[in-house]
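Taking it in order: structure first as structure tokens, then the write-up.
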Amino acid sequence: MRISMTALALGLGLVAAPALADEFKGTDVQRWQAEYESVAKKGRELWTSGALGTNGVACAQCHPNAANTHPETYPKFQKQFGKVTQLWEMVNWCIKNPLQGQALAADDPKMTAILSYVAYERRGVKLEPGKH
Amino acid sequence: MTKLITRRSVMAAGAAGLAGTVSTLPISMVQLAFAGTREDVRFTYISDSHIQQIKGASFVRNWDMGLKRAVAEANLIQPEVDFVMFGGDLAQLGKREELDHGAEMLSALKGKLHAVMGEHDYYLDLGEYWSKLYGPQWYSFDVKGVHFVVLNSILTTDEWTFHRWPSAEQRMQEMAGLDNPNGSPFMVGEKQRKWLADDLEKVSKDTPVVVFSHSPLQKIYKGWNFWTDDAEQVQALLAPFKSVNVIYGHVHQIQYNQIGNIAFNSVMATAWPWPYPSTYAQAESHLPVLTVPMNRADPFFERDATGWQLVDVNSGRVTARYQLWDNDQRVVGFDPAAGHPVDKSYQDPMRRKATQAHY
Numbered sequence: 030m031r032i033s034m035t036a037l038a039l040g041l042g043l044v045a046a047p048a049l050a051d052e053f054k055g056t057d058v059q060r061w062q063a064e065y066e067s068v069a070k071k072g073r074e075l076w077t078s079g080a081l082g083t084n085g086v087a088c089a090q091c092h093p094n095a096a097n098t099h100p101e102t103y104p105k106f107q108k109q110f111g112k113v114t115q116l117w118e119m120v121n122w123c124i125k126n127p128l129q130g131q132a133l134a135a136d137d138p139k140m141t142a143i144l145s146y147v148a149y150e151r152r153g154v155k156l157e158p159g160k161h
Numbered sequence: 064m065t066k067l068i069t070r071r072s073v074m075a076a077g078a079a080g081l082a083g084t085v086s087t088l089p090i091s092m093v094q095l096a097f098a099g100t101r102e103d104v105r106f107t108y109i110s111d112s113h114i115q116q117i118k119g120a121s122f123v124r125n126w127d128m129g130l131k132r133a134v135a136e137a138n139l140i141q142p143e144v145d146f147v148m149f150g151g152d153l154a155q156l157g158k159r160e161e162l163d164h165g166a167e168m169l170s171a172l173k174g175k176l177h178a179v180m181g182e183h184d185y186y187l188d189l190g191e192y193w194s195k196l197y198g199p200q201w202y203s204f205d206v207k208g209v210h211f212v213v214l215n216s217i218l219t220t221d222e223w224t225f226h227r228w229p230s231a232e233q234r235m236q237e238m239a240g241l242d243n244p245n246g247s248p249f250m251v252g253e254k255q256r257k258w259l260a261d262d263l264e265k266v267s268k269d270t271p272v273v274v275f276s277h278s279p280l281q282k283i284y285k286g287w288n289f290w291t292d293d294a295e296q297v298q299a300l301l302a303p304f305k306s307v308n309v310i311y312g313h314v315h316q317i318q319y320n321q322i323g324n325i326a327f328n329s330v331m332a333t334a335w336p337w338p339y340p341s342t343y344a345q346a347e348s349h350l351p352v353l354t355v356p357m358n359r360a361d362p363f364f365e366r367d368a369t370g371w372q373l374v375d376v377n378s379g380r381v382t383a384r385y386q387l388w389d390n391d392q393r394v395v396g397f398d399p400a401a402g403h404p405v406d407k408s409y410q411d412p413m414r415r416k417a418t419q420a421h422y
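Set out below in structure tokens:
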């Protein structure tokens with residue numbers, strides 16, 4: 030990604046005005062948005078599939094449309110963990126307990142997909158980190 | 064007086080029961096003053112157990128424990144209730160194994176059991192196996208002068224039911240996802256409404272009527288099927304009666320409402336609680352303004368915000384005592400002065416708890 034942008038800037042530099050720092054077009058924005066949406070869509074599939082754990086229970090059974098996950102309140106103090114936690118830690122708690130599964134790494138593409146979906150369902154709600 | 068059964072007293076009752084001293088149980092069912100000759104009717108109400116098969120003989124432990132606990136506690140009620148209701152969604156995916164496993168647990172209940180059909184029991188084989196276990200899907204019965212009606216409110220269009228899906232398993236899966244846009248709105252349907260009209264024809268308008276359905280016979284949020292599409296038509300059949308009460312499951316949370324003469328009470332699930340639809344930021348819902356929400360569920364306590372109910376019908380109106388396992392119980396009863404159900408502790412906004420403020 031960075032390489033192609035640099036190449037583009039260099040290319041422009043050779044023929045015209047000096048390169049701009051972060052030049053992109055409407056088509057780039059559309060592509061980036063589509064990338065996000067496809068990952069959020071994968072997250073929705075994981076959310077409803079029952080394949081994340083071992084007992085067939087799906088996140089959506091308790092959280093239809095990811096409701097009551099309140100991603101806008103993280104990081105926040107979770108009294109049961111006894112510390113300020115991030116949303117992925119709570120997702121892993123659910124995978125390990127109600128879903129009887131194995132925790133995912135914080136940067137596992139599946140975790141990214143889940144967090145993308147949860148945030149998508151909460152779009153438009155103001156950030157309130159720390160809120161209970 | 065409203066604290067009839069606390070968690071502690073039920074536990075104590077369990078201990079006392081084990082010791083064989085049933086007559087010393089601390090549970091005392093207070094008989095509310097009843098004007099007239101009719102005794103009040105009491106029943107326990109267990110609902111939405113969602114027994115889920117993993118494979119073979121293994122089932123999701125969490126949901127099993129909810130139903131087992133409700134059955135064990137309901138059996139401790141003294142004096143014994145008139146009957147027991149199960150409010151639907153005994154199974155998660157309508158499988159014979161799930162229905163059998165759930166029915167085995169329910170078979171430990173003392174007293175006559177009546178069951179309501181839920182969509183999770185229905186959409187695999189269209190209620191065939193469930194009906195072998197529990198009989199007709201809609202019928203009525205009378206207890207101590209109260210007319211009780213059981214409806215199957217989770218039917219939908221013939222097109223969706225018979226022609227849309229390549230397999231029964233897929234049909235079940237599509238309806239099982241609460242937030243699945245491929246689902247279809249629930250309805251009682253014309254045939255059953257006709258039956259209801261005929262059934263009610265024989266009942267005097269002064270007779271208290273209690274209707275059991277799985278889905279709300281009112282419209283709250285269509286996206287999660289907290290909804291019955293022909294609710295208004297069913298309500299119209301009930302409207303001529305002096306006191307009508309509808310008790311429904313499906314929503315896994317406490318709701319109550321009043322529409323004309325009809326008082327509505329929901330019941331909790333034994334399996335897991337659901338968020339109130341108002342917490343979904345992308346859609347409008349119509350949670351009845353009367354409803355004081357439950358405390359926000361704490362996921363670290365497996366049974367939090369689940370439980371069962373003890374219901375009495377007194378002077379024709381329902382009082383629901385919600386037996387919450389990790390919180391104070393809630394009592395929602397009809398207030399004759401207000402003309403609608405109220406929460407006996409929390410109706411006044413000044414008396415609510417911080418954990419009842421959902422977002």
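Chains A and B, in that order, give the protein sequences.
Taking this note's numbering, the leading residue of the first sequence gets 30, the next gets one more, and so forth.
Taking this note's numbering, the leading residue of the second sequence gets 64, the next gets one more, and so forth.
All C-beta atoms in this analysis are idealised placements derived from N, C-alpha and C, irrespective of residue type, glycine included.
Item to check | Partners in chain B for Ala89(A), counting only beta-carbon separations shorter than 9 Å | outcome: As a position in the first sequence, residue 89(A) is number 60, starting the count at 1. Near Ala89(A) (Cβ distances below 9 Å), the residues of chain B are Gly240, Leu241, Asp242, Asn243.
Item to check | Contacts that Val330(B) makes with chain A (C-beta to C-beta distance below 7 Å) | outcome: Position 267 of the second sequence, counting from 1, holds the residue named residue 330(B). Near Val330(B) there are no residues of chain A at all, since even the closest Cβ is about 18 Å away, more than 7 Å.
Checklist entry - What residues in the region 89–103 of chain A have a beta carbon less than 8 Å from any beta carbon of chain B? => result Against chain B - using a Cβ distance shorter than 8 Å - the residues of the region 89–103 of chain A are Ala89, Gln90, Cys91, His92, Pro93, Asn94, Ala96, Asn97, His99.
Checklist entry - Taking Cβ positions only, does Gly130(A) come closer than 9 Å to chain B? => result Position 101 of the first sequence, counting from 1, holds the residue named residue 130(A). Judged by the 9 Å Cβ criterion, Gly130(A) is not in contact with chain B.
Item to check | Residues of the region 341–358 of chain B whose Cβ lies closer than 7 Å to any Cβ of chain C, in chain order | outcome: Of the chains in the structure shown, none is chain C; the protein chains are A and B.
Item to check | Closest Cα partner of Leu428(B) within the set Asp205(B), Ile117(B), Ala417(B) | outcome: Here chain B comprises residues numbered 64 to 422, so residue 428(B) is not present and cannot be evaluated.
Item to check | Residues of the region 134–160 of chain A with Cβ closer than 7 Å to any Cβ of chain B, in chain order | outcome: Flagged, chain order: Glu150, Arg151, Gly153, Val154.
Checklist entry - Can you tell me whether DSSP reads Ile317(B) as helix, strand or coil? => result Mapped onto the second sequence, residue 317(B) falls at position 254. In this structure, Ile317(B) counts as coil in the three-state DSSP scheme.
Next on the checklist: Taking the straight line between their C-alpha atoms, what separation do you get for Met148(B) and Gly157(B)?
Outcome noted: By one-based count along the second sequence, residue 148(B) stands at place 85. By one-based count along the second sequence, residue 157(B) stands at place 94. Met148(B) and Gly157(B) have their alpha carbons spaced roughly 19 Å apart.
Checklist entry - Name the residues in the region 72–88 of chain A whose C-beta lies less than 9 Å from a C-beta of chain B; which are they? => result Only Thr77, Thr83, Asn84, Gly85, Val86, Ala87 from the region 72–88 of chain A bring a Cβ to less than 9 Å from some Cβ of chain B.
Checklist entry - When the cut-off is 9 Å and only beta carbons count, does Gln410(B) lie next to chain A? => result Working through the second sequence from its first residue, we reach residue 410(B) at position 347. No, Gln410(B) lies away from the interface with chain A (no Cβ there is under 9 Å from its Cβ).
Item to check | Beta-carbon gap between Ile283(B) and Val314(B) smaller than 9 Å | outcome: Sequence index remark: in the second sequence, residue 283(B) carries index 220 (1-based). Sequence index remark: in the second sequence, residue 314(B) carries index 251 (1-based). Going by C-beta atoms, Ile283(B) is nearer than 9 Å to Val314(B).
Next on the checklist: Relative to the C-alpha of Ile124(A), which candidate in Lys70(A), Val86(A), Glu64(A) has its C-alpha closest?
Outcome noted: Taking the first sequence and counting its residues from 1, one reaches residue 124(A) at position 95. Nearest to Ile124(A) by alpha-carbon distance, out of Lys70(A), Val86(A), Glu64(A), is Val86(A).
Item to check | Interface residues of the region 204–232 of chain B facing chain A [CB-CB below 7 Å] | outcome: Against chain A - using a Cβ distance shorter than 7 Å - the region 204–232 of chain B contributes no residues.
Next on the checklist: What would DSSP say about Lys108(A), mapped onto helix, strand or coil?
Outcome noted: The residue given as residue 108(A) occupies position 79 in the first sequence. Looking at Lys108(A) - three-state DSSP - the assignment turns out to be coil, as it is neither helix nor strand.
Checklist entry - Count the other CB atoms within 10 Å of the CB of Ala137(B); is the residue buried (16 or more) or exposed (fewer)? => result Indexing the second sequence from 1 puts residue 137(B) at position 74. Buried.
Checklist entry - Got a sec: is the Cβ-Cβ distance from Asp389(B) to anything in chain A below 9 Å? => result Your numbering for residue 389(B) matches position 326 in the second sequence. No, because no Cβ of chain A sits closer than 9 Å to the Cβ of Asp389(B).
Checklist entry - Hey, how far is the Cα of Met92(B) from the Cα of Asp375(B)? => result Here residue 92(B) is taken as the residue at index 29 of the second sequence, counted from 1. Here residue 375(B) is taken as the residue at index 312 of the second sequence, counted from 1. For Met92(B), the predicted model reports a pLDDT of 38, less than 50, meaning its position is unreliable; a value from the coordinates is still stated below. Taking the Cα positions, Met92(B) is about 10 Å away from Asp375(B).
Next on the checklist: Let me check understanding here. Comparing Cα to Cα, which of Ile310(B), Pro279(B), Ile325(B) lies closest to Ala299(B)?
Outcome noted: Here residue 299(B) refers to the residue found at position 236 when the second sequence is read from its first residue. Closest by C-alpha distance to Ala299(B), out of Ile310(B), Pro279(B), Ile325(B), is Ile325(B).
Item to check | Boundaries of the alpha helix (DSSP H) in which Leu162(B) is found, first to last residue | outcome: Walking along the second sequence from the start, residue 162(B) turns up at place 99. Here the alpha helix (DSSP H) through Leu162(B) covers 159–169.
Next on the checklist: Beta carbons nearer than 8 Å to chain A: which residues of the region 270–281 of chain B have them?
Outcome noted: Within the region 270–281 of chain B, contact with chain A at the beta-carbon level (separation under 8 Å) is assigned to no residue.
Item to check | Interfacial residues, the region 115–141 of chain B to chain A, with Cβ spacing under 7 Å | outcome: Listed in chain order, the positions of the region 115–141 of chain B with a beta carbon within less than 7 Å of a beta carbon of chain A are Gln115, Ile117, Val123, Asn125.
Item to check | Residue range of the beta strand (DSSP E) that includes Lys116(B) | outcome: Within the second sequence, the letter at position 53 stands for residue 116(B). This sequence places Gln at residue 116(B); Lys is not what is there. Its beta strand (DSSP E) spans residues 116–118.
Next on the checklist: Using 8 Å for Cβ pairs, my map puts Asn94(A) next to Asp242(B). What's the rounded Cβ distance?
Outcome noted: Against the first sequence, residue 94(A) aligns to sequence position 65. Against the second sequence, residue 242(B) aligns to sequence position 179. At roughly 5 Å, the Cβ-Cβ gap stays under 8 Å, so Asn94(A) and Asp242(B) are in contact.
Checklist entry - Smallest Cα separation from Asp398(B): which of Phe364(B), Met357(B), Leu353(B)? => result The residue given as residue 398(B) occupies position 335 in the second sequence. Closest by alpha carbon: Leu353(B).
Checklist entry - Can you tell which of Leu350(B), Phe289(B), Ser329(B) has the C-alpha that lies nearest to the C-alpha of Phe249(B)? => result Here the question's residue 249(B) lines up with position 186 in the second sequence. Among Leu350(B), Phe289(B), Ser329(B), the Cα nearest to that of Phe249(B) is on Phe289(B).
Checklist entry - Near Thr84(B), which residues of its chain fall below 7 Å by C-beta distance, leaving aside the five closest residues on each side in sequence? => result For the purposes of this step, residue 84(B) is taken as residue 21 along the second sequence, with counting starting at 1. Only weak support is given to the placement of Thr84(B): the predicted model assigns it a pLDDT of 34, under 50, and the value that follows is read from those uncertain coordinates. Cβ within range, chain order: n/a, list empty.
Checklist entry - Going by beta carbon distance, what residues of the same chain come within less than 8 Å of Trp228(B), once the five residues before and after it are set aside? => result Taking the first residue of the second sequence as 1, we reach residue 228(B) at position 165. Cβ neighbours of Trp228(B) beyond the five flanking positions: Arg234, Glu237.
Item to check | Per-residue DSSP class, three states only, for Gly159(A) | outcome: By one-based count along the first sequence, residue 159(A) stands at place 130. If DSSP states are grouped into helix, strand and coil, Gly159(A) belongs with coil.
Item to check | Length of the line joining the Cα atoms of Leu176(B) and Asp152(B) | outcome: As a first step, residue 176(B) must be located in the second sequence, where it is residue number 113. As a first step, residue 152(B) must be located in the second sequence, where it is residue number 89. Rounded to whole angstroms, Leu176(B) to Asp152(B) spans 15 Å at the Cα level.
Checklist entry - At what residue ranges does the region 189–225 of chain B contain a whole run of the beta strand (DSSP E), taking only runs of 3 or more? => result List check, beta strand (DSSP E) in window: 202–206, 209–213.
Checklist entry - Residue range of the alpha helix (DSSP H) that Val297(B) falls in? => result On the second sequence, position 234 is the one that residue 297(B) refers to. Start and end: 294–301.
Next on the checklist: For Lys139(A) and Tyr146(A), I'd like the C-alpha separation in whole angstroms.
Outcome noted: As a working note, residue 139(A) is residue 110 in the first sequence. As a working note, residue 146(A) is residue 117 in the first sequence. Distance between the alpha carbons of Lys139(A) and Tyr146(A): 11 Å.
Checklist entry - What residues from chain B crowd round Gln109(A), counting only those whose CB sits closer than 7 Å? => result In the first sequence, the residue the question calls residue 109(A) occupies position 80. Listed by position along chain B, the residues whose Cβ is nearer than 7 Å to that of Gln109(A) are Phe363.
Checklist entry - Which value, in whole angstroms, describes the spacing of the CA atoms of Trp256(B) and Gln155(B)? => result Mapped onto the second sequence, residue 256(B) falls at position 193. Mapped onto the second sequence, residue 155(B) falls at position 92. According to the sequence provided, residue 256(B) is Arg. The question's Trp does not apply to it. If you take the alpha carbons of Arg256(B) and Gln155(B), they lie about 27 Å apart.
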